[in-house]
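In the numbering used here, the protein residues as written are 939 to 1080.
First comes the structure, then the notes that go with it.
Set out below in structure tokens:
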């Protein structure tokens, strides 16, 4: 199901970008989020890490020049580090704690990169819309 979700996410994300003009956190993000649809805490944790990464990049960009490839790399790297620290902090959580790990290490950075480019609200709405469409199609097909 992962391959189908990612492939479907690629196609739907492409058409969404072409018709609406907004990216849903990158081409692969909606597919991965659709796979974890039944784990809302993991999706929420991923979005929180993406938002934290976005805020860090905004802070960094007021002190250093970040644009184009440099900004993309910095956003992915910050997303990776924040996600890793977030997951590391959860290792110390008591047994039976709700699973709130992030989804992947790159996904939060990809979402944060789109937040920088097109705004937080536009990105979150785009991610929600495309992920829901991918999940509905996967549900209808299975």
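Ideal placement from N, C-alpha and C gives every residue a C-beta, glycine not left out.
Keep in mind that this is a model prediction, so the values were computed, not measured.
- When only Cα atoms are considered, residue 1071 and residue 950 end up about 8 Å apart.
- Excluding residues up to 5 positions away in sequence, nothing lies with its Cβ nearer than 6 Å to the Cβ of residue 977 in the same chain.
- The residues 943, 947, 1069, 1072, 1073 and 1076, in chain order, have a CB closer than 7 Å to that of residue 972 in the same chain once the five nearest residues on each side in sequence are set aside.
- Put simply, of 1051, 1066 and 939 the residue whose alpha carbon is nearest the alpha carbon of residue 1006 is 1051.
- Contact annotation: residue 1078 and residue 1039 have beta-carbon atoms that are not nearer than 8 Å.
- For the pair residue 997 and residue 1032, the Cα-to-Cα distance works out to about 33 Å.
- The beta carbon of residue 1014 sits closer than 8 Å to those of 1044, 1047, 1048 and 1051, all from its chain and outside the five residues before and after it, given in chain order.
- At the C-beta level, residue 1054 and residue 995 come within 8 Å of one another.
- Just so you know, the alpha carbons of residue 987 and residue 1012 end up roughly 14 Å apart.
- In terms of CA proximity to residue 1041, 1022 leads the group 1059, 939 and 1022.
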